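Sequential numbering of the sequence shown, starting at 2, is according to this note's numbering.
The beta carbon of each residue, even a glycine, is placed where N, CA and C say it ideally should be.
For clarity, every value in this text was computed on a predicted model and none was experimentally measured.
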Amino acid sequence: MTGDRAGNNTIHIWKLPVLFIGLAAFGLLLADVAGSYRLEGVDTFVYRVIHRLQCPFLTGFFKVMTNMVHPVVLLIISMAMIHTLRQKQYLIALFANLVLAVLLDLSAKGWVMRERPPQAGRLVAETGYSFPSGHAMLAATFYGFILFLIWQTKKSRAYKIAGTVICLAVVALVALSRIYLGVHYATDVAGGFLAGMIYLIIYTSVARRYFAKGIAIHGQPEVAANPLFKSFEYAFSGIITGLKTERNMMIHYSALGLVVVFGITLKLSVTEWCICLILCALVISLELVNTAVEAVVDLVTKEQRRRAKLAKDTAAGAVLIAAITAAVIGGIIFVPKILALFALN
């Protein structure tokens, strides 16, 4: 008990000075961008250095990375985290952070009405103002909170370090992509990162205080005894349980995440989107059915009977056929577009 308190005190001790430093740095940066703009030389230097590195492969790569903060992608990653982290007490906090991060991104552009870099240097179409970078801010707030959740688990230290490296790499690459693609200056990205860090420190403190013991989860009012509402409640409960218990679900949601990221980047047609999403939904639905079949068979008999094995194998086979079909059709749709994106054809 004493150790836990000491750990919490340590966290609060480092959070407070970092919060004040972040606020001071963001305030100074905001004042400079809106006023004298003494950092113009820094922006120009970084902009020119990064743009000298431009090549077809890097352009395709950074177009993919910049979409790692698309709201749909973040929603899919949030659902995948349910399975990976299994932190039920933070479930509401996870999705609340997603909503708040997106709202913060949408509202940030009105802070300073700074024009974006020249249109001639942009590799993607963007509208609105430049400071702060919404993508950098969204990356810091979302992936930073995922990082916070990873360190709340009882996973091994190696797992936590690997998760830390991945999250920080995504944040850095998303931020870098905005400069490379010519839609932000370095100070825009720095401002977005600082704003995201300030929000994250405050939000993680609130989440630790109010969600760590699962108060918000277990204190929910009962759903009204309406058969329709109950059926939806049971259905969503089944989806969440499947996510948390079925290992293959992580593979399916990772595939769905890649489909969405590349689909947004490659600008799929409506027909192509429909085909891809229907196939993904079919595979995930069959995986849930397979999980239900296995659970029922194990409940009915503990013996390795031939028919019990047949039921399990048939359900698993249906998932495999759907997954292979989806992979083949996905390859037909995506491979030519990806080759063109990275200039490999």
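- Annotation: the continuous alpha helix (DSSP H) that includes PHE335 extends over 307 to 342.
- Rounded to whole angstroms, the separation of the alpha carbons of THR315 and THR326 is 17 Å.
- In the three-state DSSP reduction, TRP152 falls in the coil class, being neither helix nor strand.
- Excluding the 5 residues flanking it on each side, LEU124 has same chain C-beta neighbours closer than 7 Å at THR60, LEU182, GLY183, in chain order.
- Cβ contact annotation for LEU267 (same chain, cutoff 8 Å, sequence separation greater than five): PHE335, LYS338, ILE339, LEU342, in chain order.
- The beta-carbon separation of SER178 and PHE63, rounded to 4 Å, stays under the 8 Å limit for a contact.
- The C-beta distance from LEU99 to PHE143 rounds to 7 Å, short enough to meet the 8 Å contact threshold.
- Rounded to whole angstroms, the gap between the alpha carbons of GLU295 and THR128 is 50 Å.
- For VAL70, no alpha helix (DSSP H) encloses it, and the DSSP letter there is neither H nor E.
- Straight through space, the alpha carbons of VAL262 and GLU273 are spaced by roughly 14 Å.
- Secondary structure at ARG53: coil, using DSSP grouped into helix, strand and coil.
- In this structure, PRO133 keeps its C-beta atom at 9 Å or more from the C-beta atom of VAL70.
- With a beta-carbon spacing of about 15 Å, VAL50 and THR188 fall beyond the 8 Å limit used to define contacts.
- TYR200 carries a helical assignment under DSSP once its states are collapsed to helix, strand and coil.
- With distances taken between CA atoms, VAL297 lies nearest to LYS310 out of LYS310, GLY135, ALA282.
- Check the Cα spacing between ILE279 and each of SER79, GLY192, GLY331: the tightest is with GLY331.
- In terms of Cα proximity to VAL290, the closest of LEU92, VAL103, GLN55, ALA323 is ALA323.
- Membership of VAL184 in any alpha helix (DSSP H) is not indicated, and neither H nor E is assigned to it by DSSP.
- Taking the CA atoms as reference points, LEU17 sits about 20 Å from LEU150.
- Counted as a single uninterrupted DSSP element, the alpha helix (DSSP H) harbouring TYR254 occupies residues 249 to 267.
- Three or more Cβ pairs drawn from the stretch 191 to 202 and the stretch 20 to 37 lie within less than 8 Å of each other, which places the two stretches in contact.
- In the three-state reduction of the DSSP assignment, LEU40 falls in the coil class, being assigned neither a helical nor a strand state.
- Inter-residue distance for CYS277 and LEU269 is about 10 Å (C-alpha atoms, whole angstroms).
- For the 9 Å CB-CB criterion, HIS185 and SER131 form a contact.
- Look at LEU124 here: in three-state DSSP terms it is coil, with no helix or strand label.
- By the C-beta density criterion, ILE333 is exposed, having fewer than 16 other C-beta atoms within 10 angstroms.
- The beta carbons of ILE203 and HIS253 sit no closer together than 9 Å.
- The residues PHE63, MET66, MET69, in chain order, have a CB closer than 8 Å to that of LEU174 in the same chain once the five nearest residues on each side in sequence are set aside.
- Cβ atoms of LEU105 and MET138 come within 8 Å of each other, at about 7 Å.
- Under the three-state reduction of DSSP output, SER157 falls in the coil class, being neither helix nor strand.
- Between the beta-carbon of TYR48 and that of ILE180 there is about 7 Å, and that keeps the pair under the 8 Å contact cut.
- Taking every protein chain shown into account, the CB of TYR200 has 16 or more other CB atoms within 10 angstroms, so this residue is buried.
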